[in-house]
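A.B. asks: For the sequence shown, the UniProt record's numbering gives the first residue as 1, with consecutive numbering after it.
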Amino acid sequence: MPVKKEEPAQCLNYRNKLILAPMVRVGTLPMRLLALEMGADIVYTEELIDLKLIKSIRRVNPALGTVDFVDPSDGTIVFRTCALEKSQLVLQMGTSDAARALAVGKLVQQDIAGLDINMGCPKEFSIKGGMGAALLSQPEKAAHILRNLCTNLDIPVTCKIRILPQVEDTIQLVRQLAATGIAAIGIHARTQAERPQHQPHPDVLRAVADAVDIPIIANGGSRDMHAYEDLYKFQRECGADSVMVARAAQINVSIFRKEGSLPMDEIIYKYLRLCVDYDNAAHNTKYCVQNILKELQESPRGKQFLQCQTLQQMCELWQLGDYCKRKQRELKAKGNLGRHDVVPGSNLAKRARLEGNEDAYAGVMQRNVAFLRSTYASDNELPKTVLYVHAGREGNETPTYETQRCDKLFRAICSYDGQRYSSSFWEKNKKQAEQGAALVALLELGIVQETILCENGSLIS
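(1) Are residue 228 and residue 273 closer than 8 Å when you measure CB to CB?
(2) Count the other C-beta atoms from every protein chain shown that fall within 10 angstroms of the C-beta of residue 236, then say buried if there are 16 or more, exposed otherwise.
(3) Could you give the residue range of the beta strand (DSSP E) that holds residue 422?
(4) From residue 210 to residue 39, what does the alpha carbon distance come to, in whole angstroms?
(5) In the structure shown, what three-state DSSP assignment does residue 27 receive?
(6) What three-state label does DSSP hand residue 283 in the structure shown?
(7) Does the Cβ of residue 69 have 16 or more other Cβ atoms within 10 Å, making it buried, or fewer, making it exposed?
(8) Touch check for the stretch 26-33 and the stretch 73-84: three-plus C-beta pairs under 8 Å?
(9) Could you please give the first and the last residue of the uninterrupted alpha helix (DSSP H) stretch that includes residue 251?
(10) Would you please state the rounded distance, in angstroms, between the beta carbons of residue 313 and residue 372? I believe it to be under 8 Å.
(11) Quick test of your reading: residue 133 and residue 100, contact by CB under 8 Å. State the CB separation rounded to the nearest angstrom.
(12) Taking the beta carbon of residue 394 as the centre, do at least 16 other beta carbons fall within 10 Å, making it buried, or is it exposed?
(13) How would you call residue 65, buried or exposed, if buried means at least 16 neighbouring beta carbons within 10 angstroms?
(14) Given that a residue counts as buried once 16 or more other Cβ atoms are within 10 Å of its Cβ, and exposed if not, what is residue 192?
(15) Quick check: the stretch 211-226 against the stretch 262-270, are at least 3 beta-carbon pairs closer than 8 Å?
(16) Pairing CB atoms from the stretch 145-160 with CB atoms from the stretch 111-119, are three or more of them under 8 Å?
(17) Taking the alpha carbon of residue 170 as the reference point, which residue from 152, 180, 203 has its own alpha carbon closest?
(18) Look at the alpha carbon of residue 461 and the alpha carbon of residue 369, and state the distance between them as a whole number of angstroms.
(19) Within its chain, find whatever has a CB closer than 6 Å to the CB of residue 403; leave out the 5 residues flanking it on each side and keep chain order.
(20) What would DSSP say about residue 314, mapped onto helix, strand or coil?
(21) Give the straight-line distance between the Cα atoms of residue 283 and residue 310, rounded to the nearest whole angstrom.
(22) Thinking C-alpha only, which one of 139, 364, 166, 181 is nearest residue 153?
(23) Examine the Cβ distances between the stretch 315-334 and the stretch 437-450 and report whether three or more of them are shorter than 8 Å.
(24) Can you give me the C-alpha to C-alpha distance between residue 51 and residue 307, rounded to a whole angstrom?
(25) Nearest-angstrom Cα distance between residue 67 and residue 85?
(26) Since residue 405 sits in a beta bridge, which residues does DSSP pair it with?
(27) Considering just the uninterrupted stretch of the alpha helix (DSSP H) at residue 144, what are its terminal residues?
(28) Skipping 5 residues on each side, what residues in its chain have a beta carbon closer than 6 Å to that of residue 338?
(29) How should residue 333 be labelled, buried or exposed, when 16 other C-beta atoms within 10 angstroms of its C-beta is the threshold for buried?
(30) Unbroken beta strand (DSSP E) runs of length 3 or more, entirely within the stretch 62-99: which are they?
(31) I need the boundaries of the beta strand (DSSP E) containing residue 116, first residue and last residue.
(32) By DSSP, does residue 188 sit in helix, in strand, or in coil?
(33) Specify the secondary structure class of residue 44 as computed by DSSP and reduced to three states.
(34) Please name the residue in 419, 405, 416 whose C-alpha comes closest to that of residue 426.
(35) Which term fits residue 188, buried or exposed, when burial requires 16 or more other beta carbons within 10 angstroms of its beta carbon?
(36) Look at the alpha carbon of residue 87 and the alpha carbon of residue 205, and state the distance between them as a whole number of angstroms.
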């Protein structure tokens, strides 16, 4: 039996709680903070892999008021948190090694309230790495990982599993894991082979809850969760101490709100504002908003949203464009590097050198304008085409383009009639970068007007 340690003065309580479940690409800082604002008691991070965390560098970001764990190989943010969530934050880790898990636990424990080990993910990536549901078939190894963490960390440790095909086997597994000293156990009410379209098994969770004393956190009921009251209904059906919500919260995080759910646009507005406040990566922000929009991605605004590549572009669609510009200027003035945190030798460091290369951009007329394909009805209206036709009419040489690539993004310079033009946006491919440079040229030459572009949805600042 593990040595019983004295509990910290403010130990996380897992009984009678509404919890945001760990969700890959969803459970980042803005969504966690919004879930807490809506009424969640505890929020879990997305699953973070031990190998990724263990090589990260912990950095305090005073401009954002965050603690960032940065990947030194490319400067990306592996994990970002802040004081507002610390007392209610559980980091979920994917691991298959007790020593490595402990090393990560010691690295992050000062910034979180609890640590959870993923023992239920059925995805191939986890299984092949010996993580997630692979640990269900290795209970001794799973128990060893948990016991090592419980004995040596100062924060509560939990794990999240799936039910086994037989109820008795599930009860035996939970008893074995509970004996390691963990503070609670989350149980997804489906087996490893079952998926969201399959009915959950609350009766199995009830049998487990009746057989053990450890707090049981019920998970897997999102298909029948449409309102706040449904969360407690599922908890009662499972006989669980707490309930953990995934897909229902992914679609509308205000399901945690006792007063009732908020309209979709209000949720997106609140979420985008938090993304701006905490400099969230555009690709992650876009993914989360897509999950909120669902079938409305096919609406006119939804289609325009799908063309967005930057946080600024997304904010423009929800009346947050000015706020985003102002906030980014403030953060830049404070010295924030945010998700572009420059680590020597990384691709982002190379990009920063390109942006600061006075020789490369000497005499280049630049604007903060992005190319949005959805704003042009036909190929004849594209900036490169318009500029090419204009050059022919004026008897000038056709425009030429030089493109820089860094970190899988592109930026181009358009040379036309003795002048060079460039957009400050980095685009996802060479063609879009050239269109952006041509657009700057058209603006500077007065061939197109900013007011027209703004009405069409392109973003100018």
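We put the beta carbon where it would ideally sit given N, CA and C, even for glycine.
None of these values were measured; they are calculated from a predicted model.
C.D. replies: Answer, in terms of the structure:
(1) no
(2) exposed
(3) 419-423
(4) 28 Å
(5) coil
(6) helix
(7) buried
(8) yes
(9) 247-251
(10) 7 Å
(11) Actually they do not touch by this definition, with Cβ atoms about 19 Å apart.
(12) exposed
(13) exposed
(14) buried
(15) no
(16) yes
(17) 203
(18) Bear in mind that a pLDDT of 35 at residue 461, under 50, signals an unreliable position, so the number given afterwards is only what the model happens to contain. Rounded to the nearest angstrom, the two C-alpha atoms are 7 Å apart.
(19) 410, 412, 430, 433
(20) helix
(21) 8 Å
(22) 181
(23) no
(24) 34 Å
(25) 12 Å
(26) 410
(27) 139-152
(28) At residue 338, the pLDDT of 48 sits below 50, so the modelled position is not reliable and the matter cannot be decided from this model.
(29) exposed
(30) 66-70, 77-82, 89-94
(31) 114-119
(32) strand
(33) strand
(34) 405
(35) buried
(36) 28 Å
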